[in-house]
Amino acid sequence: MSRQFRGDDHEPTWEEVKGLLADPEAPVEQRYRALFYARSRDDSEAIEALYKVLEPETKSVLLRHEACYCIGQMEHGLEGAWKLESVMDDVNEHPMVRHEAIEGLAACGSVDSLEKIRPYLTHENEAIRDTATLAVESLENLKQTKDTDAQRSEFNTVDPIGAKARQHATKTEEAAQRLMDPKAKLSDRYAAMYQLRAATLPGSVSPDPEALKALARVLREDHTSALMRHELAFVVAQVAFDADREMTLSSVQALIDSVKDTDEACMVRHESAVALGSVGGEEATKFLREYVQRPVNHDEDESVVIESCKVALDAINFWSDMTTIEEQPTEGSAITA
3 MSRQFRGDDH
13 EPTWEEVKGL
23 LADPEAPVEQ
33 RYRALFYARS
43 RDDSEAIEAL
53 YKVLEPETKS
63 VLLRHEACYC
73 IGQMEHGLEG
83 AWKLESVMDD
93 VNEHPMVRHE
103 AIEGLAACGS
113 VDSLEKIRPY
123 LTHENEAIRD
133 TATLAVESLE
143 NLKQTKDTDA
153 QRSEFNTVDP
163 IGAKARQHAT
173 KTEEAAQRLM
183 DPKAKLSDRY
193 AAMYQLRAAT
203 LPGSVSPDPE
213 ALKALARVLR
223 EDHTSALMRH
233 ELAFVVAQVA
243 FDADREMTLS
253 SVQALIDSVK
263 DTDEACMVRH
273 ESAVALGSVG
283 GEEATKFLRE
293 YVQRPVNHDE
303 DESVVIESCK
313 VALDAINFWS
323 DMTTIEEQPT
333 EGSAITA
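Residue numbering for the sequence shown follows our numbering, starting at 3 and increasing by one per position.
Below, the structure written as structure tokens:
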């Protein structure tokens, strides 16, 4: 019998979280949520628990990928660098998982991994190659500056490039043009992406509602870098979560189109599906409910996309339940069993 959380209003114990992470038969939505409980715990025991998801018994590419992501994002992530290196070097791992392991090494600041990452600069897989390019640039910069907080964003996530590259103000259209420029360095295009992200924030000097539209437009129109498009979907989710509903309409459709495009890279479709869970709304929910009914037909990439849609739906339901709980009256009401 597989383990499950008892309900959305139940804060799981650490033993329950560990049990889910170690249980390959548990529902993917439950294990996915457990990953992020471990990430928020952020200690040596949490790192050890995340290793369980990277054991051979876990066949889910999505969960293996997210385990690498969580390790890289944690303050104690350096303790897991050896595991990320092992995943990076494993030719039997899905490229999406190996990419995330490389990105995780850069995110946790594993300067000692630099020489092990360099050979991947010429890897045959484009996403792995591009990830290595950003990781080497990031770690070389960290080696010089020693600033371990430089890559942490306003959203408390560690970006693939440092703060110095993100901080230069520019007009929305200029940033969008640089983001679309296939001749520009990948790190410069990422910088433009994060500048557009910053331009959407209420605390920015001049919040620009066109910035989110520009991000969604580039997600639709770029054909040069799957890695960048996958990060675009992630960034769209970050800014759309708190954006005005009217502002999010174009981004929702761009994400839906990305998930539906079977010619698109698996990593982009996955990230777009998960992003729909952050954005929410009727359109996203309707699409996700329909998509999870599709047959997998032993297609590993399609399995990743469908699992991503499942966890996205779980996220929408979770936040909906949280909103309902917050809206319940707190005075003069009775709780019945």
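The C-beta atom is built at its ideal place from N, Cα and C for all residues, glycine as well. Treat the numbers as computed from the prediction; the structure is a model and nothing was measured.
- In the structure shown, residue 154 adopts extended strand secondary structure according to DSSP, grouped into three states.
- Counting only residues of its own chain and dropping the five nearest sequence neighbours on each side, residue 287 has a CB closer than 6 Å to the CB of 318.
- Using a 10 angstroms sphere on the CB of residue 147, the tally of other CB atoms stays under 16, which defines it as exposed.
- For the set 32, 220, 129, 108, the Cα lying nearest the Cα of residue 97 is the one of 129.
- Under the three-state reduction of DSSP output, residue 276 falls in the helix class.
- Under the three-state reduction of DSSP, residue 160 is assigned to strand.
- In terms of Cα proximity to residue 280, the closest of 268, 312, 266 is 312.
- Distance from the Cα of residue 241 is smallest, within the candidate group 277, 283, 173, 226, for 277.
- Cβ-Cβ separation between residue 134 and residue 163: approximately 14 Å, too far for a contact (criterion under 8 Å).
- For residue 295, the secondary structure class from DSSP, reduced to helix, strand or coil, is coil.
- If you ignore the 5 residues before and after residue 237, its C-beta comes within less than 7 Å of the C-beta of 195, 199, 217, all in its own chain and listed in chain order.
- Residue 120 and residue 282 have their C-alpha atoms some 39 Å from each other.
- A distance below 7 Å between beta-carbons, with the five flanking residues on each side excluded, links residue 228 to the following residues of its chain, in chain order: 128, 129, 267, 269, 270.
- Under the criterion of beta carbons closer than 8 Å, residue 80 and residue 116 do not qualify as touching, at roughly 14 Å.
- Annotation for residue 90: the continuous alpha helix (DSSP H) segment containing it runs 83–91.
- If you draw a straight line from the Cα of residue 19 to the Cα of residue 180, it is about 43 Å long.
- Closest by C-alpha distance to residue 223, out of 46, 275, 183, is 183.
- Per DSSP, residue 111 is not a residue of any alpha helix (DSSP H), being assigned neither H nor E.
- DSSP places residue 143 in the uninterrupted alpha helix (DSSP H) bounded by 128–147.
- Taking the Cα of residue 293 as reference, the smallest distance to any Cα among 72, 261, 316 is reached at 261.
- For the options 219, 42, 232, the alpha carbon positioned closest to that of residue 255 is the one of 219.
- When 159, 210, 155, 158 are compared, the shortest CA-CA separation from residue 178 is found for 210.
- Closest in C-alpha terms to residue 158, from the list 275, 39, 76, 31, comes 76.
- Relative to residue 69, the option among 59, 78, 86 whose CA is nearest is 86.
- Residue 227 sits in coil when the DSSP states are folded into three classes, being neither helix nor strand.
- By the Cβ neighbour-count rule, residue 145 is exposed, with fewer than 16 other Cβ atoms within 10 Å of its own.
- Bounds of the alpha helix (DSSP H) holding residue 22 are 16–23.
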